[in-house]
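Each remark here refers to the structure printed beneath this line.
Numbering (my numbering), first residue to last: 36 to 211.
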């Protein structure tokens with residue numbers, strides 16, 4: 036396995052803070068109660084815990100879906116979808132080194148918000164997880180647009196810079 040830049044221990048608090056902010060903003064946007072949040076089963080993995088097939092060179096995060104068995108109240112076993120947000124430490128840290136205007140917290144807030152919007156859409160059957168081609172491109176554009184709507188008024192230093200960086204990923208409206 037290749038050697039990649041990885042998050043250090045002092046980045047873990049920033050990762051946790053970014054996830055908390057993203058969950059809070061998505062909860063506000065979709066008007067979720069804490070009970071409704073529980074139906075979205077996911078966890079975050081960093082490079083240290085990624086399998087080789089979860090490492091990519093094309094995105095800051097990879098969303099993996101699996102199925103987990105859970106015990107019901109009546110001792111029955113139910114299968115539920117479970118998602119892993121696989122952060123690509125090496126790509127995130129390389130981007131931070133390349134662009135001094137990028138900072139870790141707002142970038143992670145954007146990444147988590149984006150991936151959580153996908154999870155919400157998959158769990159509510161607005162989109163299937165297994166899509167490709169034009170449908171996948173349309174889904175990505177829609178999720179970038181939703182992420183922008185969720186984060187556009189957030190009071191976080193450098194967030195506008197992050198949002199501007201992704202403006203070409205959102206669908207544009209043509210003036211006629």
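Just so it is clear, CB atoms sit at the ideal spot from N, CA and C, and this is done for glycine as well.
Between residue i and residue j, what straight-line distance do the alpha-carbon atoms span, to the nearest angstrom?
| i | j | result |
| --- | --- | --- |
| residue 125 | residue 42 | 8 Å |
| residue 209 | residue 103 | Confidence is the limiting factor: at residue 209 the pLDDT is only 38, short of 50, which leaves the residue's position unreliable, though a coordinate-based value still follows. Computed Cα separation, rounded: 44 Å. |
| residue 49 | residue 133 | 20 Å |
| residue 129 | residue 192 | 20 Å |
| residue 166 | residue 203 | 21 Å |
| residue 88 | residue 144 | 24 Å |
| residue 38 | residue 45 | 20 Å |
| residue 105 | residue 114 | 6 Å |
| residue 201 | residue 112 | 42 Å |
| residue 187 | residue 59 | 14 Å |
| residue 69 | residue 171 | 30 Å |
Take residue i as the anchor and find which of the options has the nearest alpha-carbon.
| i | options | result |
| --- | --- | --- |
| residue 99 | 182, 64 and 157 | 157 |
| residue 47 | 79, 184 and 66 | 79 |
| residue 85 | 56, 128, 120 and 114 | 120 |
| residue 93 | 168, 68, 73 and 127 | 127 |
| residue 83 | 40, 54 and 112 | 40 |
| residue 81 | 54, 180, 172 and 170 | 54 |
Which same chain residues end up closer than 8 Å to residue i when comparing Cβ atoms and leaving out the 5 residues on each side of it in sequence?
| i | result |
| --- | --- |
| residue 131 | 137, 138, 139 and 142 |
| residue 67 | 61 |
Under 7 Å Cβ to Cβ from residue i, same chain only, skipping five residues before and after it: list those, please.
| i | result |
| --- | --- |
| residue 153 | 98 and 178 |
| residue 91 | 97 and 123 |
| residue 174 | 162 and 166 |
| residue 74 | 158 |
| residue 65 | 155 |
What does a CB cutoff of less than 6 Å around residue i pick up in its chain, not counting 5 residues either side in sequence?
| i | result |
| --- | --- |
| residue 52 | none |
| residue 195 | none |
Tell whether a beta-carbon distance below 8 Å holds between residue i and residue j.
| i | j | result |
| --- | --- | --- |
| residue 148 | residue 197 | no |
| residue 151 | residue 61 | yes |
| residue 183 | residue 146 | no |
| residue 71 | residue 117 | no |
Segments of 4+ residues assigned as alpha helix (DSSP H) that fall wholly inside the region 168 to 204: Within the region 168 to 204, the complete alpha helix (DSSP H) runs of at least 4 residues are 168 to 186 and 194 to 200.
task: Give, in chain order, every unbroken run of the alpha helix (DSSP H) that is at least 4 residues long and sits entirely within the region 92 to 164.
output: Counting whole runs of 4 or more residues, the region 92 to 164 contains the alpha helix (DSSP H) stretches 124 to 133 and 139 to 158.
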